[in-house]
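Here's the structure we're looking at; comments come further down.
Chains as they are written, first to last, in the numbering used here: chain C, 189 to 489; chain H, 189 to 489.
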């Protein structure tokens with residue numbers, strides 16, 4: 189059987205790029221994988237680990253002759269890559285996709301560079317990660333049973349979208365489609381805000397005296413927070429830089445709600461406090477049950 | 189060999205009380221376990237599950253003839269229990285301990301009821317929990333490799349403290365001692381604040397439109413938060429009611445720090461944002477490594 193893509197170029201060999209390479213290899217989806225990364229050590233490790241077949245000295249060189257180009261760099265770095273690979277993007281038969289955490293900014297960057305939104309660009313975002321990162325954390329199963337959100341526009345080529353969807357599905361991922369604007373709003377609420385709160389918590393506690401003791405007694409809730417604050421700082425800087433409007437909107441609501449809880453504690457308003465906790469718990473339990481049941485159903489299919 | 193305690197009375201058969209019963213049974217530490225809980229169904233289930241040997245119709249009845257009384261009720265309910273078991277507390281040879289999440293309030297309640305701090309009261313707090321609760325979630329291994337903080341005062345009987353420490357150590361728990369005030373400050377920072385932030389996040393998101401979709405895309409950070417917001421609302425109301433000063437102090441610092449991050453995002457101050465994220469990540473990685481190494485060392489002993 190022919191591989192799904194003959195020659196795949198991966199631009200950016202971090203956790204996601206390297207895991208995608210590992211997964212393409214594992215499921216026999218790529219004939220040849222070539223990678224470019226600004227960090228030569230990552231490329232060397234990727235070769236040694238057998239994740240990629242060859243390396244290139246630039247994004248443009250990597251993408252030449254590829255039928256799939258995957259942009260796996262922080263979102264603020266996307267525009268420079270689009271500029272570099274512009275001659276390749278215009279060619280017949282090349283599909284470009286990305287794995288950026290914010291989607292409108294990627295579409296805007298491509299439009300700015302090319303003067304139009306290219307039909308062969310299928311914007312994507314795997315909702316998967318790890319507290320480890322870099323090429324050495326590559327995991328061929330990172331995407332299995334995780335959501336992949338594709339955000340094509342009307343101009344996006346349907347055949348290109350179909351082939352990207354099939355690639356992720358072959359990795360056992362759960363592919364959904366939505367508007368890029370909707371993606372950015374939903375992710376601001378479910379991912380970007382929680383990460384900001386976690387970074388802020390570690391930062392607040394780190395400024396106290398005996399930080400070591402704090403981490404030592406961290407089982408009671410803090411460990412979950414600190415795990416998500418282990419994420420890559422540059423990736424997250426870019427997320428907040430490029431999705432600031434939806435993030436600020438939900439952050440302001442959150443700060444208002446937190447301020448109300450503060451007031452209940454300060455004034456000893458115990459009934460209201462218990463009501464908020466019970467409402468949160470009920471919402472969480474309700475949706476957890478539905479999602480668990482669906483996951484059980486899906487796994488049994 | 190004699191069991192560590194001849195007759196143990198457990199007042200409050202929720203997750204912690206029932207897990208303690210299960211663990212006492214498993215490690216052969218109790219000759220007989222009698223329990224009281226305001227909820228008769230919990231007592232019936234505890235009997236059926238073989239966690240306890242008998243039930244009583246009040247805390248006082250349960251504690252009569254016991255050589256260990258464990259108070260496993262929400263912290264605001266402690267004072268009523270002290271009043272009820274007052275005649276028993278004064279007897280020779282009885283040790284009383286508790287598992288409350290806040291320690292000063294428990295010592296204060298006992299002092300108010302008895303007119304002095306009883307020497308046979310050993311205040312304790314197992315840093316262990318679960319998103320499940322109630323007697324049916326009982327887990328005999330809940331405390332293994334978890335911290336148990338004991339907060340005796342100078343008046344506390346050293347022999348009583350030693351026996352409580354030995355009981356927890358026999359369950360493979362890691363027992364430490366500190367001042368009750370220090371406990372309440374550390375826990376406000378590492379447990380109470382994170383729980384408040386998680387409850388607030390679920391509450392904020394639950395008030396948006398399509399909540400189901402939010403929970404569906406929750407892998408990216410939100411799931412960790414929502415897990416800790418599944419905790420018991422009454423227990424947590426009592427924590428914030430009885431530890432408000434340390435909680436408000438750290439909450440105010442947090443809200444200031446979060447406000448600064450908000451300002452960086454709003455003004456596009458990317459360098460400062462990346463610096464905060466990098467500092468948080470470095471602190472987190474540093475302490476995680478030390479704690480992991482120590483855990484590996486301990487498990488290999």
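For glycine and all other residues, C-beta sits at the position ideal for the given N, C-alpha and C.
Amino acids of chain H, ordered along the chain, whose beta-carbon sits closer than 7 Å to that of residue i
i: residue 464 of chain C; result: 387 and 391
i: residue 422 of chain C; result: 462
i: residue 143 of chain C; result: No answer is possible for residue 143 of chain C: the residues shown for chain C start at 189 and end at 489.
i: residue 357 of chain C; result: None at all; the shortest Cβ gap to chain H is about 17 Å.
Spatial distance of residue i from residue j (CA atoms)
i: residue 296 of chain H; j: residue 304 of chain H; result: 9 Å
i: residue 345 of chain C; j: residue 324 of chain H; result: 54 Å
i: residue 225 of chain H; j: residue 311 of chain C; result: 56 Å
i: residue 235 of chain H; j: residue 470 of chain C; result: 28 Å
i: residue 357 of chain C; j: residue 216 of chain C; result: 13 Å
i: residue 430 of chain H; j: residue 299 of chain H; result: 16 Å
i: residue 278 of chain C; j: residue 245 of chain C; result: 21 Å
i: residue 456 of chain H; j: residue 480 of chain H; result: 36 Å
i: residue 439 of chain C; j: residue 365 of chain C; result: 25 Å
i: residue 478 of chain C; j: residue 233 of chain H; result: 27 Å
i: residue 475 of chain H; j: residue 318 of chain H; result: 23 Å
i: residue 421 of chain C; j: residue 347 of chain C; result: 35 Å
i: residue 501 of chain H; j: residue 441 of chain H; result: The structure shown does not extend to residue 501 of chain H, since chain H spans only 189 to 489, so no value can be given for it.
i: residue 369 of chain C; j: residue 449 of chain C; result: 31 Å
i: residue 451 of chain C; j: residue 381 of chain H; result: 14 Å
i: residue 371 of chain C; j: residue 340 of chain C; result: 11 Å
i: residue 294 of chain H; j: residue 228 of chain C; result: 59 Å
i: residue 316 of chain H; j: residue 268 of chain H; result: 25 Å
i: residue 388 of chain C; j: residue 309 of chain H; result: 38 Å
i: residue 466 of chain C; j: residue 281 of chain C; result: 55 Å
Residues that residue i contacts on chain H, provided the C-beta gap is smaller than 9 Å
i: residue 296 of chain C; result: Simply none; closest approach about 16 Å.
Contacts that residue i makes with chain C (C-beta to C-beta distance below 9 Å)
i: residue 445 of chain H; result: 388, 389, 391, 392 and 395
i: residue 439 of chain H; result: 446, 449, 450 and 453
i: residue 481 of chain H; result: Here the premise fails: no neighbours, minimum Cβ distance about 13 Å.
i: residue 252 of chain H; result: The contacting residues do not exist; residue 252 of chain H stays about 32 Å from chain C at best.
Partner residues on chain C for residue i, Cβ-Cβ distance less than 8 Å
i: residue 436 of chain H; result: 450, 453 and 454
i: residue 374 of chain H; result: 401, 402 and 405
Spatial neighbours of residue i in its chain, beta-carbon cut-off 8 Å, leaving aside the 5 residues before and after
i: residue 260 of chain C; result: 198, 199, 200, 201, 202, 204, 205, 208, 286 and 287
i: residue 390 of chain C; result: 413, 414 and 417
i: residue 248 of chain C; result: 272, 273, 275 and 276
i: residue 350 of chain C; result: none
Cβ pair residue i, residue j closer than 8 Å
i: residue 453 of chain H; j: residue 436 of chain C; result: yes
i: residue 210 of chain C; j: residue 327 of chain C; result: yes
i: residue 283 of chain H; j: residue 314 of chain H; result: no
i: residue 223 of chain H; j: residue 250 of chain H; result: yes
i: residue 434 of chain H; j: residue 376 of chain H; result: yes
i: residue 443 of chain H; j: residue 446 of chain C; result: yes
i: residue 263 of chain C; j: residue 464 of chain C; result: no
i: residue 321 of chain H; j: residue 361 of chain H; result: no
i: residue 373 of chain C; j: residue 405 of chain H; result: no
i: residue 270 of chain H; j: residue 301 of chain H; result: yes
Interface residues of chain C facing residue i [CB-CB closer than 7 Å]
i: residue 472 of chain H; result: 390, 414, 417 and 418
i: residue 425 of chain H; result: 458, 461, 462 and 465
i: residue 429 of chain H; result: 456 and 458
Residues near residue i by beta carbon distance below 6 Å, same chain, minus five either side
i: residue 220 of chain H; result: 195 and 241
i: residue 257 of chain C; result: 197, 251 and 284
i: residue 193 of chain H; result: 218, 255 and 256
i: residue 460 of chain C; result: 452
Close-in-space but distant-in-sequence residues of the same chain around residue i (CB under 7 Å, 5 per side omitted)
i: residue 231 of chain H; result: 201, 223, 225 and 243
i: residue 383 of chain C; result: 416, 419 and 424
i: residue 363 of chain H; result: 336, 338, 353, 356 and 357
i: residue 212 of chain H; result: 196, 218 and 221
i: residue 191 of chain H; result: 216, 217, 218 and 219
i: residue 343 of chain C; result: 305 and 307
Interface residues of chain H facing residue i [CB-CB closer than 8 Å]
i: residue 432 of chain C; result: 453, 454 and 456
i: residue 494 of chain C; result: The requested residue 494 of chain C does not occur in the structure, where chain C is confined to residues 189 to 489.
i: residue 207 of chain C; result: Going along chain H, no residue has its Cβ under 8 Å from residue 207 of chain C, so there is no contact; the nearest lies around 15 Å.
At 3 residues or longer, what runs of the beta strand (DSSP E) sit wholly inside the segment 324-383 of chain C? 335-338 and 362-365
Go through the segment 412-445 of chain H residue by residue and report every complete run of the alpha helix (DSSP H) that reaches 4 residues or more, in order. 421-430
Go through the segment 248-283 of chain C residue by residue and report every complete run of the alpha helix (DSSP H) that reaches 4 residues or more, in order. 266-272 and 274-277
Which runs of the beta strand (DSSP E) spanning at least 3 residues fall entirely within the segment 200-233 of chain H, listed in chain order? 218-224
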